[in-house]
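Take the sequence shown: its position 14, counting from 1, is numbered 14 in full-length UniProt numbering, and each next residue is one higher.
Glycine included, each C-beta is placed from N, C-alpha and C at the ideal position.
Here the structure is a predicted model, which means the values were calculated and not measured.
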Amino acid sequence: MTKPPAIGRALRAEYDSLLPPLKLGRRDFLATTLAAGFAAAAGPVVAQTAITTEASGLTAGAVRIPVEGGSIPAYRAMPEGATEAPVILVVQEIFGVHAYIQDVCRRLAHEGYLALAPELYVRQGEVSRYTEISRLLSEVVSKVPDEQVLADLDAAVTWAGRNGGNVNRLGITGFCWGGRVVWLYAAHNPRLKAGVAWYGGLDGETDELRPRQPLDLVADINAPVLGLYGGNDGGIPVETVEKMKAALARGSDAAKASEFVVYPDAPHAFHADYRPSYRADAATDGWQRALAWFERLL
């Protein structure tokens, strides 16, 4: 068996939830950076639960976002003809902007939002090259600097403001790897109005690429975050959620306005409807709470 890479507890839970198998046929992995299919690396697709949202009535598809030194790919979905749509950044899982993340964008677009999901580690590697999850984590995901991620999200906001979005009504949501990023971005961008973090890491080791964790940032949070977590998440114990709650209560006004919902029996990645970790009740309730959060704050 391939030795797991040195990664944080939240990503360790993600890694463990995908075993077995570790090794995948190249033809089954992500075909492109913005993949049309689901990420085979996530394990077998649960066809009877995977949700597909049509793009009728939407402007949806791949775009490129200018960043320092070039541009990065992204997936955009918004109501057709919209000129002042509120903007929601959608932050990927470890598998990139694949079909599930694109579908989340379309779901939000049907609610009236410009949803934009940039590829946030495209500089570190092309995910289609990888046939082992451990190598994807150690060679790509673990090498993505937080500073780069935050700068790319800022660039995405700028792009959205020039392409039919109202960036004075700005939100962000993300899953697993992206859930942690939601907390970071809430402490980074003073224009942010609301965030929804799905089972994102809250603590862990720091290093040059990840100098601070969400627990270190509560004093700087600019917008309330709704945290949606599983009580049966092996990488994010409920004790850690409680620790974050206590820290938020001592933080900024926006931090104090943040909320958590913990679904007692839900595992990590309970919203990922294309995977065996999916829990329909928790996912549906969390999604409705997320929409209500954005409707109230944006």
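TODO: Count the other CB atoms, across all protein chains shown, that sit within 10 Å of the CB of Asp273; report buried if there are 16 or more and exposed otherwise.
DONE: buried
Open item on the list: By the DSSP assignment, the beta strand (DSSP E) with Gly70 in it spans what residues?
Closed with: Gly70 to Pro79
TODO: Mind checking which residues open and close the alpha helix (DSSP H) that includes Thr158?
DONE: Asp146 to Gly161
TODO: Decide yes or no for the touch test of the segment 139-151 against the segment 253-268: beta carbon pairs closer than 8 Å, at least 3 of them.
DONE: no
TODO: List the whole-angstrom C-beta distance separating Ala282 from Ala266, where the pair is believed to meet the contact cut-off of C-beta under 8 Å.
DONE: 4 Å
- [ ] Please name the residue, chosen from His188, Arg296 and Ala85, that lies closest to Arg76 on a Cα-to-Cα basis.
- [x] Ala85
- [ ] Mind reading off the beta-carbon distance from Asp146 to Leu184? Whole number of angstroms is fine, and I expect it under 8 Å.
- [x] 6 Å
Task: Euclidean distance between Cα positions of Lys245 and Leu226 - done: 11 Å
Task: Alpha-carbon to alpha-carbon, Gly171 and Pro190 - done: 11 Å
Open item on the list: Is it buried or exposed, Asp207, if we count other Cβ atoms within 10 angstroms and call 16 or more buried?
Closed with: exposed
Open item on the list: For Asn166, list the residues DSSP reports as bridge partners.
Closed with: Pro86
Open item on the list: Could you tell me the alpha carbon to alpha carbon distance between Asp28 and Val238, rounded to whole angstroms?
Closed with: In this predicted model, Asp28 has a pLDDT of only 29, less than 50, meaning its place in the structure is not dependable; the value taken from the coordinates is given anyway. Distance between the alpha carbons of Asp28 and Val238 is about 35 Å.
Open item on the list: Once DSSP output is grouped into helix, strand and coil, what is the label at Ile221?
Closed with: coil
Task: In DSSP terms, what Pro118 is bridged to - done: Ala74
- [ ] In the DSSP assignment, find the beta strand (DSSP E) that holds Arg64 and state where it starts and stops.
- [x] Leu58 to Val67
- [ ] Can you tell me which of the three DSSP states Ala55 falls into?
- [x] coil
Open item on the list: Excluding the 5 residues flanking Gly178 on each side, which residues of the same chain have their C-beta closer than 6 Å to its C-beta?
Closed with: Val91 and Gln92
Open item on the list: Whole angstroms are fine: how far does the CA of Asn222 sit from the CA of Asn166?
Closed with: 18 Å
Task: Inter-residue Cα distance where the pair is Ala74 and Ala280 - done: 28 Å
- [ ] For the alpha helix (DSSP H) holding Leu282, just list the boundary residues, first then last.
- [x] For clarity, residue 282 is Ala in the given sequence; the question names Leu instead. From DSSP, the alpha helix (DSSP H) with Ala282 extends over Ala280 to Leu297.
Open item on the list: Measuring only the C-alpha atoms, how far is Gly57 from Lys243?
Closed with: 43 Å
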